[in-house]
Structure formats: structure tokens, C-alpha cells
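What follows is one structure encoded as C-alpha cells, with my remarks underneath.
2 protein chains.
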Amino acid sequence: MKENKYDDQKFFEKYSQMTRSQKGLDGAGEWRELEKLLPDFRGKRVLDLGCGYGWHCIYAAKHGAKLVEGTDISKRMLEAAREKCRMEQVHFMQCAMEDLKYDKGSFDVVLSSLAFHYVRDFPALVENIRRWLTPGGAFVFSVEHPVFTAEGSQDWVYDDKGNILHFPVDRYYFEGERDAVFLGEHVVKYHRTLTTYVQTLLAEGFVLDALVEPQPPKDMMDLPGMADEMRRPMMLLVAATAAKK
Amino acid sequence: MKENKYDDQKFFEKYSQMTRSQKGLDGAGEWRELEKLLPDFRGKRVLDLGCGYGWHCIYAAKHGAKLVEGTDISKRMLEAAREKCRMEQVHFMQCAMEDLKYDKGSFDVVLSSLAFHYVRDFPALVENIRRWLTPGGAFVFSVEHPVFTAEGSQDWVYDDKGNILHFPVDRYYFEGERDAVFLGEHVVKYHRTLTTYVQTLLAEGFVLDALVEPQPPKDMMDLPGMADEMRRPMMLLVAATAAKK
Numbered sequence: 001m002k003e004n005k006y007d008d009q010k011f012f013e014k015y016s017q018m019t020r021s022q023k024g025l026d027g028a029g030e031w032r033e034l035e036k037l038l039p040d041f042r043g044k045r046v047l048d049l050g051c052g053y054g055w056h057c058i059y060a061a062k063h064g065a066k067l068v069e070g071t072d073i074s075k076r077m078l079e080a081a082r083e084k085c086r087m088e089q090v091h092f093m094q095c096a097m098e099d100l101k102y103d104k105g106s107f108d109v110v111l112s113s114l115a116f117h118y119v120r121d122f123p124a125l126v127e128n129i130r131r132w133l134t135p136g137g138a139f140v141f142s143v144e145h146p147v148f149t150a151e152g153s154q155d156w157v158y159d160d161k162g163n164i165l166h167f168p169v170d171r172y173y174f175e176g177e178r179d180a181v182f183l184g185e186h187v188v189k190y191h192r193t194l195t196t197y198v199q200t201l202l203a204e205g206f207v208l209d210a211l212v213e214p215q216p217p218k219d220m221m222d223l224p225g226m227a228d229e230m231r232r233p234m235m236l237l238v239a240a241t242a243a244k245k
Numbered sequence: 246m247k248e249n250k251y252d253d254q255k256f257f258e259k260y261s262q263m264t265r266s267q268k269g270l271d272g273a274g275e276w277r278e279l280e281k282l283l284p285d286f287r288g289k290r291v292l293d294l295g296c297g298y299g300w301h302c303i304y305a306a307k308h309g310a311k312l313v314e315g316t317d318i319s320k321r322m323l324e325a326a327r328e329k330c331r332m333e334q335v336h337f338m339q340c341a342m343e344d345l346k347y348d349k350g351s352f353d354v355v356l357s358s359l360a361f362h363y364v365r366d367f368p369a370l371v372e373n374i375r376r377w378l379t380p381g382g383a384f385v386f387s388v389e390h391p392v393f394t395a396e397g398s399q400d401w402v403y404d405d406k407g408n409i410l411h412f413p414v415d416r417y418y419f420e421g422e423r424d425a426v427f428l429g430e431h432v433v434k435y436h437r438t439l440t441t442y443v444q445t446l447l448a449e450g451f452v453l454d455a456l457v458e459p460q461p462p463k464d465m466m467d468l469p470g471m472a473d474e475m476r477r478p479m480m481l482l483v484a485a486t487a488a489k490k
């Protein structure tokens, strides 16, 4: 059963208060690094897996994509996306990404922002993505870093005065479900090793173009907690190209 | 000043007692995974950077390499290597890898096992390796994992009874020197992010073939501490090919 936490009223309201929800791409610490990895969208057919509010769909459309399909499991997220975006080349569809069906070669670009850590079977998904992409197509995604997902709590270790001591890594090679706390709510996430992320792509015939752990931008260091993000890697950005067979 | 810890009598003696020093490749937990990443050595010219006891040089020669050059900063390590290996196609040379000079295209394969975390300037080294390698040549190395090198102590966090709680990550994005404790001795190592390892290779024109965090082998789980190695990634194995320009 795929969890649909973003349709939980309380969770959704908390999420909608986050800087990244209010300000969009400019409010996301990793955006400037992710933007550098994106392909030229002009004339492209783009699929965004776990599109949420649709920020990346809007970006792709504004940068010349001829068709953008945004998919998400959450009805509430898509309602917000549809309100934000009324461009005729952008479509939104409610569906878990594991259940999507597309013909071979349907897209030139597949994007996903911070959604794959909710997916249980990554290899099966990548196999689909490879098939949906035309040869030479681009696959760019961000995901929570394996260091961040391994132990499970996703929280720092503190001393008895509440100061951060370090970030804990544990259970690294034990992949699978984690009961993470996000915005004070329990959310099921899936931990995978870096090896699994990279080797799965290579095994499916992708060429790795970039692997970036984004650092917090210097001009966001005054946001609460941001300076501490220099102490641990929280996200992983990956860009790959579907090899021409 | 490059540190030459392996010529320190006390450190060298402790190192020589390690399972990997006594049993060679079969005593190294990561060997079976590294072996899978090695190229066909038949007829190849091979450079091993930080060759230590020369185990990998011997392996390459036994698998058909026509020339193997093993280099190490440590005189003691090379003395042990020369005692072990008297094959005419294998040469050993005492030199810090940062100071090596070779002509363009001198080698078909460059190897390095657990030595790059002693090197301050990784991009400068990779630039050299790319030049020393013939187009299409193979570059395979192991290095201590960024998770293992980040905080610096390279030790677990324990509870007051001495049980392992977790492994600490800290200072992740602050690359550079760490005062690590290895075999009870202080050793200077250099922490780098995963991003730096991978992006440096890609920037120098390598194609990534594999990125593997080796798990402890099931049949070595009874060695002291080995089962705990399922809790953290300690090493990173990388295989790449020098792109044909």
C-alpha cells in the first residue's frame, strides 16, 4: 500500500508552510544546483514524477517544453498545482508513480524532485523510466541522501543542552522502510544505499552525467538551521542520459 | 609536506599485523567486490598508486599484465613488496604519487587501493592519471568513504557501557585535513565529499562504470567488528574509463 501522506490534512497544512512551498523553487536550498543539471527544455516532452505543487513543471513549460506531464499521488498537491498553473501544455495526473503506464519513448526528459525516497522498488521504477525515455533522453532527479535516510530518525544527535553533536549513521546496508519524522509527523520513507542509486542507473543503460550533494547556498545561511546543513549531506542530485542503444 | 606514516617503525609493525597485511587480497573485506571491477589485464601496462605490499601488482601480473609499475611513498612497504614479488614484469618505485612523472598514454590501467585519502589535491592527481592513461584505459580505485572520513575520529559513538550507538557524520562539506586515529596512531587523512570524487572524474573526461560501497562478506562476519560494518559505509570503490576524445 503506497502511503499518501500529503493528502493528510494536518501534514499538508504543515508542508504548505515550508519556505519551499511558499516561495517555490527560490525557496528550495538545492534549487540552484539542480537547475544547473537540467537539460534544454525547448520542444521537449517532459514527465515530472511526484510533481507536488508543480513548480518544476511550470519551469519546464516556461523554458520551452512542448508538453509537460506532472504526476503525483496526492490530490491536494495537484489541486494546488492546478491553481498555480494554467498553461495548456501542462497536464497534471493523480497517480502513484509506480502505477504509471506510458508507451516506450514517450518522453525526452524525466524529472523528479525529492520523491523517490517514498518509493519501495527503485529498480522497477528506473526500468520503466528508461523505457519511457527516448534514447539520448535526460533523467534528472533529487532524492534524500543515503546518509540522511540510513538511521531513520532523520534528526541530529544533541547534547543535554540541546546543542547538535553530530548526525547519526546506522543500518546503512539494511535497505528498506524507515519510520521518519518529517514536520513532526510520522512518514514512511525508504532508505537505499548510494550504490543502489548509482548501480541501478548504470545497469539500466544510463550514463551518469552528474552526482551532486548540494551545499546550502551562502545567501540562505541565515535561515534557521541552514548553517548546520554544512555538517551533513541531506540531498543527492543526479543527472543521467539514456544511452543510445 | 607529504606524510610517510608507513615508514614509522611502530605504525608499520602494527599495520603488518592486520589481516589484510598477513593474508593479502583474501584478507581484505572489500577485495571480492573490487576484483569484479578490474579490467582484463592481458597485455596491459598497469600503474598501481600507493601499492603497499604489492598485492594488486602481483594480481595484475599473474593475470597477464605485460608491465606493472607499483609506486609507494614508503620504503618499508616497498621492501616487503620486493620480497614478495620477483616477477620481471613488475617494478616498484619509491615516490609520492603526487610527484610521479610519466609521459602521456603510458598506461592502459591505473589502480589504487585505499591510498587517495592520503592525498591533499585529488583533482590535480586525476588530471595526471587521465593524461597517463591511454584513451579507453581503465581507472579503478578504492578509497575510504566520505561518510567514514567526514567527522575525523573514524570511530563509532558508544554508550557508557561501551556499546556502539551509531557512527557520527559531521563537517561533511568542510573538505581537507583530518587527524584520524588508525591502529592507535595519529595519521593525517583528507576528507572529500562524494561529489568531489565523482565530479572530478567526470570533469576530467572519465565515464563512470561503477560506484560500489562494499558490504562485509558473509563469510567474514565472525571477524571482530565485521558485523558492525553493516551499519556504516567504510569504503568506496570506483571504476571509470578514460573517454576516447
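Protein chains in written order, with my numbering: chain A, 1 to 245; chain U, 246 to 490. Ideal placement from N, C-alpha and C gives every residue a C-beta, glycine not left out. Note that the coordinates shown come from a computational prediction; the quantities given were computed from them, not determined experimentally.
Problem set entry | Boundaries (first-last residue) of the beta strand (DSSP E) holding residue 379(U) | 378–389
For this session: Give the DSSP bridge partners of residue 72(A), in chain order.
Result: 94(A)
Exercise. Is any heavy atom in the ligand ZN found nearer than 7 angstroms to the beta carbon of residue 210(A)?
Worked result: With respect to the ligand ZN, the structure shown offers nothing to examine, as it has no ligands at all.
Problem set entry | Nearest neighbour of residue 22(A), chosen from 53(A), 10(A), 42(A) [CA to CA] | 53(A)
For this session: Give the DSSP bridge partners of residue 486(U), in chain order.
Result: 383(U), 452(U)
Exercise. Using Cβ-Cβ distances below 8 angstroms, what residues of the region 277–291 of chain U are close to chain A?
Worked result: none
Problem set entry | Contact check, residue 417(U) vs residue 231(A), beta carbons under 8 angstroms | yes
For this session: Report buried or exposed for residue 165(A), applying the criterion of at least 16 other Cβ atoms within 10 angstroms of its Cβ.
Result: exposed
For this session: Give me the Cβ distance between residue 233(A) and residue 193(A), rounded to the nearest whole Å; I'm assuming they're in contact under 8 angstroms.
Result: The Cβ separation is near 14 angstroms, so there is no contact.
Exercise. Rounded to whole angstroms, how far is the Cβ of residue 223(A) from the Cβ of residue 19(A), which I believe are closer than 8 angstroms?
Worked result: 7 angstroms
For this session: Kindly say whether residue 411(U), judged by its beta-carbon, lies nearer than 8 angstroms to any beta-carbon of chain A.
Result: yes
Exercise. Using CA coordinates, which residue listed in 377(U), 486(U), 426(U), 463(U) is at the minimum distance from residue 454(U)?
Worked result: 486(U)
Exercise. Can you tell me whether residue 9(A) is buried or exposed, with buried defined as 16 or more other CB within 10 angstroms of its CB?
Worked result: exposed
Exercise. With 16 other CB atoms within 10 Å as the buried threshold, where does residue 342(U) fall?
Worked result: buried
Exercise. Quick one: is residue 296(U) buried, meaning 16 or more other Cβ sit within 10 Å of its Cβ, or exposed?
Worked result: buried
For this session: For residue 476(U), go through chain A and note every residue whose CB falls closer than 8 angstroms to its CB, in chain order.
Result: 169, 170, 171, 172, 173
For this session: Could you run through the region 444–469 of chain U and flag, in chain order, every residue whose CB is less than 9 angstroms away from some CB of chain A?
Result: 444, 447, 452, 453, 454, 455, 456, 457, 458, 459, 460, 461
Problem set entry | Three-state secondary structure (DSSP) of residue 246(A) | Outside the displayed range of chain A (1 to 245) lies residue 246(A), so it cannot be described from this structure.
Exercise. To the nearest whole angstrom, what separates the beta carbons of residue 350(U) and residue 489(U), a pair I think is in contact under 8 angstroms?
Worked result: That belief does not hold up - the Cβ atoms of residue 350(U) and residue 489(U) are roughly 12 angstroms apart, past 8 angstroms.
For this session: Check whether the Cβ atoms of residue 435(U) and residue 322(U) sit closer than 8 angstroms, and answer yes or no.
Result: no
Problem set entry | Opening and closing residue of the beta strand (DSSP E) in which residue 221(U) lies | This structure gives no information on residue 221(U), because the portion of chain U shown stretches from 246 to 490.
Exercise. Along chain A, in chain order, which residues have C-beta atoms closer than 7 angstroms to that of residue 440(U)?
Worked result: 211, 212, 213
Exercise. Is residue 261(U) closer than 8 angstroms to residue 301(U) when the C-beta atoms are compared?
Worked result: no
Exercise. Does DSSP classify residue 291(U) as helix, strand or coil?
Worked result: strand
Exercise. What is the DSSP secondary structure of residue 179(A), reduced to helix, strand or coil?
Worked result: strand
Exercise. Just the Cα atoms here: how many angstroms apart are residue 161(A) and residue 155(A)?
Worked result: 16 angstroms
For this session: Find the residues of chain U that neighbour residue 147(A), judging by a C-beta separation of less than 7 angstroms, and give them in chain order.
Result: 392, 414
Exercise. Checking contacts by CB at 8 angstroms: is residue 144(A) closer than that to chain U?
Worked result: no
Exercise. Excluding five sequence neighbours on each side, which residues of the same chain lie with their C-beta closer than 8 angstroms to the C-beta of residue 201(A)?
Worked result: 126, 139, 208, 238, 240
Exercise. Could one say the Cβ of residue 422(U) lies closer than 8 angstroms to chain A's Cβ atoms, at least one of them?
Worked result: no
For this session: Classify residue 404(U) as buried or exposed, calling it buried when 16 or more other Cβ atoms lie within 10 Å of its own Cβ.
Result: exposed
Exercise. For the 8 angstroms Cβ check, are there 3 or more pairs between the region 30–42 of chain A and the region 209–219 of chain A?
Worked result: yes
For this session: Starting from residue 396(U), find everything on chain A with Cβ-Cβ shorter than 7 angstroms and list it in chain order.
Result: 166
Exercise. Given residue 376(U), which residues of its chain have a CB within under 6 angstroms of its CB, disregarding the five upstream and five downstream residues?
Worked result: 349
Problem set entry | Rounded straight-line distance, which links the Cα of residue 286(U) to that of residue 332(U) | 15 angstroms
For this session: Look at the alpha carbon of residue 480(U) and the alpha carbon of residue 413(U), and state the distance between them as a whole number of angstroms.
Result: 15 angstroms
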